[in-house]
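First residue of the sequence shown? That's 10 in this note's numbering, and the numbers climb one at a time after it.
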Amino acid sequence: MARLLDTVCPNRVVAVLEGGYFPANYTESASMMVRGLKGLPLPHLALDRLSPAFKETLWNNIVHHSYRYDSMRKWLEKLQANQKARGLAEFKIRPPVHLGKGVRDLWEEVKRSRSVRTREWFPELTAEQKKFGEDGIAAYVKEYDYTTPTKDPEEDLLLEQMLWTVRSDVEAFANSAPICLRFIADFTDFIEGKKESMMICDRKLLNLNGQENLATRLTQCNAKSM
Numbered sequence: 010m011a012r013l014l015d016t017v018c019p020n021r022v023v024a025v026l027e028g029g030y031f032p033a034n035y036t037e038s039a040s041m042m043v044r045g046l047k048g049l050p051l052p053h054l055a056l057d058r059l060s061p062a063f064k065e066t067l068w069n070n071i072v073h074h075s076y077r078y079d080s081m082r083k084w085l086e087k088l089q090a091n092q093k094a095r096g097l098a099e100f101k102i103r104p105p106v107h108l109g110k111g112v113r114d115l116w117e118e119v120k121r122s123r124s125v126r127t128r129e130w131f132p133e134l135t136a137e138q139k140k141f142g143e144d145g146i147a148a149y150v151k152e153y154d155y156t157t158p159t160k161d162p163e164e165d166l167l168l169e170q171m172l173w174t175v176r177s178d179v180e181a182f183a184n185s186a187p188i189c190l191r192f193i194a195d196f197t198d199f200i201e202g203k204k205e206s207m208m209i210c211d212r213k214l215l216n217l218n219g220q221e222n223l224a225t226r227l228t229q230c231n232a233k234s235m
């Protein structure tokens with residue numbers, strides 16, 4: 010991707026990578042990004058089967074942006090035509106998940122008051138966890154193959170990778186459900202006052218900005234929407 014960007018916009022690409030949670034991971038990503046932008050050799054990459062959840066994300070983005078960009082619209086037409094040619098239904102974005110009015114009110118209030126926290130979203134990794142991650146990255150780096158060139162994927166391969174089947178649908182939902190349920194539970198606990206913070210939302214910050222009654226109002230809104 011970095012090499013493609015540099016080809017399209019030479020010397021005009023700025024890469025910003027955030028590394029607050031586990032710097033070793035972002036450092037390696039930044040290293041590969043710089044190599045791509047400089048035209049240096051990159052490790053051989055074999056395209057495996059796409060994760061169904063990632064595939065659904067790609068489909069969603071293509072559908073969403075097809076109304077704005079001609080290139081996206083053309084790709085969507087190719088992908089949907091491939092679906093029909095295989096005897097499959099066209100891809101459609103899933104209906105949105107309703108999280109309760111309280112969650113929407115929370116986000117609107119956070120945006121209005123600009124009261125967000127940008128640190129300590131997740132518990133800091135222990136020394137053992139950091140070492141485990143660093144060792145895993147080091148082992149992965151040792152397997153880099155700079156001698157075998159990576160062939161650019163052909164259009165037929167991309168179309169095959171993006172084929173949306175019943176199995177894709179089921180796997181994408183099943184793989185995404187656990188983390189979605191976790192977020193829903195965390196948001197609900199935050200709105201109901203069982204948690205003081207949730208991702209960028211922090212009750213103390215909201216209270217400091219004169220929103221003392223926010224917790225009560227959010228709890229009432231959530232109760233009415235259940």
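Built from N, CA and C at the ideal position, the CB exists for glycine as well.
query: Simplified DSSP assignment, three categories, for M171; result: coil
query: Alpha-carbon to alpha-carbon, V23 and V150; result: 24 Å
query: Buried or exposed by the 16-neighbour rule on C-beta atoms within 10 Å, applied to M235; result: At M235 the pLDDT is 49, less than 50, meaning the model places this residue with poor confidence; the figure from the coordinates comes in the next sentence. Burial call: exposed.
query: C210 - partner residues in DSSP beta bridges; result: M207
query: Residue nearest to P61 in terms of C-alpha spacing, selected from P104, V179, C189; result: V179
query: Backbone secondary structure at Y149 - three-state DSSP; result: helix
query: First and last residue of the uninterrupted alpha helix (DSSP H) at F31; result: Looking at the DSSP string, F31 is not in any alpha helix (DSSP H), and its letter there is neither H nor E.
query: Counted within 10 angstroms of its Cβ, other Cβ atoms place K8 as buried (16 or more) or exposed; result: Only positions 10 to 235 of the chain appear in the structure, and residue 8 is not among them; the question remains open.
query: Simplified DSSP assignment, three categories, for M10; result: coil
query: Status (buried if at least 16 other CB within 10 Å, exposed otherwise) for V25; result: exposed
query: Whole-number beta carbon distance between V119 and I209, since they are thought to touch under 8 Å; result: 7 Å
query: The segment 159 to 173 contacting the segment 83 to 101, beta-carbon criterion three pairs below 8 Å; result: yes
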